[in-house]
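Peer 1: 752 is the number of the first residue of the sequence shown in this note's numbering; add one for each residue after it.
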Amino acid sequence: MDDNPDTAADTSVLAVLSSFAEDGWVANHTSEPDGAVRCGRCDEVNPGGAWEVGARHRVEGASDPADMQVVYGMRCPACGADGALLVGYGATASDQDQDLLTALPEEDDDLADPVAASSGSGSD
752 MDDNPDTAAD
762 TSVLAVLSSF
772 AEDGWVANHT
782 SEPDGAVRCG
792 RCDEVNPGGA
802 WEVGARHRVE
812 GASDPADMQV
822 VYGMRCPACG
832 ADGALLVGYG
842 ATASDQDQDL
852 LTALPEEDDD
862 LADPVAASSG
872 SGSD
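#1: Report all residues from its chain with a CB closer than 8 Å to the CB of Asn797; omit the five preceding and five following residues, and keep chain order.
#2: Residues in its own chain within less than 6 Å of Glu858 by CB, not counting five upstream and five downstream?
#3: In the DSSP assignment, what are the bridge partners of Tyr840?
#4: Please report how far the alpha carbon of Leu768 lies from the alpha carbon of Ala867, in whole angstroms.
#5: Go through its chain and collect everything with a Cβ distance to Ser770's Cβ below 6 Å, but skip five positions before and after it.
#6: Determine, using beta carbons only, whether Asp860 and Pro784 come nearer to each other than 9 Å.
#7: In terms of alpha-carbon separation, which member of Ala766, Val764 and Leu837 lies closest to Val804?
Here it is, written out as structure tokens:
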């Protein structure tokens with residue numbers, strides 16, 4: 752398996768979320784309008800740019816390449832909860848998801864990929 756988080760892998764979203772949870776990203780964060788994110792633990796809503804992004808894994812549906820999603824491991828700026836956020840991207844992404852992707856801080860090319868790490872091919 753390719754350990755580059757920018758390379759989509761043929762892995763189900765549930766398997767990806769499970770790998771993120773095993774890696775400590777246990778809260779279920781959700782996207783909100785205007786590029787904001789709601790914390791799955793404290794329920795606070797903060798702008799996407801205020802969140803620390805610590806991990807990322809792209810998913811593309813094996814049967815439908817238009818089913819493009821990315822899972823982020825993010826830390827809540829209000830309570831510090833580490834959790835996962837599932838966001839659509841590409842031509843089929845919702846306006847809300849597109850707004851969030853624009854609002855997120857610049858991505859680090861060296862973000863962790865819990866899926867690659869759990870498969871033993873990560874490069875920590």
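Ideal placement from N, C-alpha and C gives every residue a C-beta, glycine not left out.
Peer 2: Reading from the atomic positions:
#1: The residue given as residue 797 occupies position 46 in the sequence shown. Annotation for Asn797: Ala787, Val788, Cys790, Cys827, Pro828 and Ala829 place their beta carbon closer than 8 Å to its own, counting only its chain and skipping 5 residues before and after.
#2: Position 107 of the sequence shown, counted from the start, is the residue given in the question as residue 858. In the same chain as Glu858, and ignoring 5 residues on each side of it, no C-beta atom comes closer than 6 Å to its own.
#3: Residue numbering aside, residue 840 sits at position 89 when the sequence shown is read from its first letter. According to DSSP, residue pairing for Tyr840 in a beta bridge does not occur.
#4: Within the sequence shown, residue 768 is the residue found at index 17, counting from 1. Within the sequence shown, residue 867 is the residue found at index 116, counting from 1. Going by the C-alpha atoms only, they are around 13 Å apart.
#5: Taking the sequence shown and counting its residues from 1, the one referred to as residue 770 is at position 19. Cβ contact annotation for Ser770 (same chain, cutoff 6 Å, sequence separation greater than five): Pro865, Val866 and Ser869, in chain order.
#6: Walking along the sequence shown from the start, residue 860 turns up at place 109. Walking along the sequence shown from the start, residue 784 turns up at place 33. No, the Cβ-Cβ distance between Asp860 and Pro784 is not below 9 Å.
#7: For this step, residue 804 is matched to residue 53 along the sequence shown. Looking at the Cα atoms, Leu837 is the closest of the given residues.
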